[in-house]
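Comments concern the structure below.
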Amino acid sequence: MNIWTQKSIELANQRNYLDLLYKIYPMSNNLRREMKKEDIQKLNEYYEMRDKYKLLNLLLKQEVFPIKDSYISYLKRDKSAINRNPATVDRIVGILYEMGINKIIDRTTAPKETNRQIGPLFKNWIDRGTIGCAVTKNENEFLEYDGNIIFNSSDRAMQTFAKNHLGYLREKGLDFIGKFNNTYVIGEAKFLTDFGGHQNAQYEDAMATLDTSLLKTDKKVLKIAILDGVLYISSQNKMHSSLFSKDGIIISAILLREFLYSV
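If you count the sequence shown from 1, you need to add 10 to reach the working numbering.
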């Protein structure tokens with residue numbers, strides 16, 4: 011196990027880890043999704059008229075459909091299937107009628123889940139200058155800068171930069187690219203909120219970047235995985251157990267500044 015991984019485990023289990031982490035991943039009170047006034051008016055009208063096709067088409071255009079159903083995604087992607095599958099339409103619309111108009115609107119405007127807020131938070135934190143060095147979205151400035159600097163742009167722009175200059179081969183965006191003491195540091199950042207399912211996939215994705223081979227370039231490149239959350243909790247879970255067999259640098263974002271200046 012890398013020393014920085016050990017430090018991250020100790021931090022999570024001995025200090026006010028969550029209080030410190032909140033500065034990087036603040037969770038806002040979830041505001042409800044908005045629905046256009048004209049859509050609400052039409053929704054009420056189609057519901058009262060029992061116009062099942064117009065009702066269904068209108069709801070399929072919204073960000074969230076008011077019921078969980080395995081057939082909804084198909085109908086969203088192929089509207090022509092609505093007219094060809096009357097039994098499926100009747101089944102789904104029947105559930106909507108049973109719900110009532112108020113519950114339909116309530117669920118269609120449901121707040122975003124907190125895990126959907128997490129994506130941009132790490133890069134927002136970097137942009138605030140917390141690391142204590144220059145931050146740029148300009149790759150030429152990043153390359154030419156004489157000193158410590160972070161390239162903080164879109165995942166795609168960072169992936170392209172890493173491919174062109176750092177020998178990076180994965181078809182996957184990056185969350186972090188920094189240059190410290192003439193060493194380039196690249197990695198993904200994840201806040202793993204639970205074990206299992208999508209969160210395990212997120213962990214494996216970060217590990218794939220950590221373990222990926224790089225083409226040889228004229229630059230010294232260091233790969234890291236900036237991970238936070240439940241993986242540091244002492245348990246028999248595979249995510250936590252795997253930390254002990256990893257030699258790569260798996261580190262909490264809380265320790266990132268200290269690590270970068272030690273490179």
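Think of the CB as a built atom: it goes at the ideal place given N, C-alpha and C, for glycine as much as any other residue.
Since the structure is predicted, the reported quantities are computational estimates derived from the model, not experimental observations.
What does residue i pair with, by DSSP beta-bridge criteria?
{"i": "G239", "result": "L202"}
{"i": "H233", "result": "A small correction: the amino acid at residue 233 is Lys; His does not occupy that position in the sequence shown. Per DSSP, I196."}
{"i": "F161", "result": "T146, I187"}
{"i": "I261", "result": "I236"}
Taking 7 Å as the cut-off, is the beta-carbon of residue i closer than that to any non-hydrogen atom of the ligand ZN?
{"i": "Y271", "result": "Absent from the structure shown: the ligand ZN. Ligands present: none."}
Am I right that residue i and residue j are in contact with their C-beta atoms under 8 Å? What's the rounded C-beta distance?
{"i": "F152", "j": "I159", "result": "6 Å"}
{"i": "T222", "j": "R180", "result": "5 Å"}
{"i": "D185", "j": "K147", "result": "14 Å between Cβ atoms; not a contact."}
{"i": "G197", "j": "A235", "result": "6 Å"}
{"i": "Y271", "j": "I19", "result": "Incorrect: roughly 21 Å between the Cβ atoms, too far for contact."}
Starting from the C-beta of residue i, find all residues in its chain whose C-beta is less than 6 Å away, skip the five residues before and the five after it, and write them out in chain order.
{"i": "T193", "result": "K230, L232, V273"}
{"i": "R43", "result": "E73, T119"}
{"i": "W14", "result": "I259, I261, F269"}
{"i": "Y155", "result": "none"}
{"i": "K200", "result": "Q212, A216, L237"}
{"i": "Q209", "result": "L202"}
Counting only the same chain and skipping the five closest in sequence on each side, list residues whose C-beta sits under 7 Å from that of residue i.
{"i": "F205", "result": "V240, N247, M249"}
{"i": "L31", "result": "D238, I264"}
{"i": "S75", "result": "Inspection of the sequence shows that residue 75 is occupied by Phe rather than by Ser. Excluding sequence neighbours, F75 sits near L69, I82."}
{"i": "I105", "result": "I77"}
{"i": "G139", "result": "V145"}
Check each candidate in the options and name the one with the smallest Cα separation from residue i.
{"i": "L70", "options": "A97, I115, Y35, K33", "result": "I115"}
{"i": "V195", "options": "L30, E55, L224, I102", "result": "L224"}
{"i": "D88", "options": "W135, L66, I136", "result": "L66"}
{"i": "E55", "options": "I111, E214, E149", "result": "I111"}
{"i": "R117", "options": "T219, S245, M45, T98", "result": "M45"}
{"i": "D165", "options": "G157, I102, K182", "result": "K182"}
Looking only at its chain, what residues have a beta carbon closer than 8 Å to the beta carbon of residue i, apart from the 5 residues adjacent to it on each side?
{"i": "P36", "result": "L131"}
{"i": "K52", "result": "K64, L68"}
{"i": "D100", "result": "K62"}
{"i": "S163", "result": "K147, E149, F171"}
{"i": "R60", "result": "Y107"}
{"i": "K256", "result": "M11, N12, T15, M217, L220"}
Starting from the N-terminal side, write out each stretch of the alpha helix (DSSP H) that is 4 residues or longer and does not extend beyond the segment 80-140. 82-87, 91-94, 96-109, 111-118, 131-137
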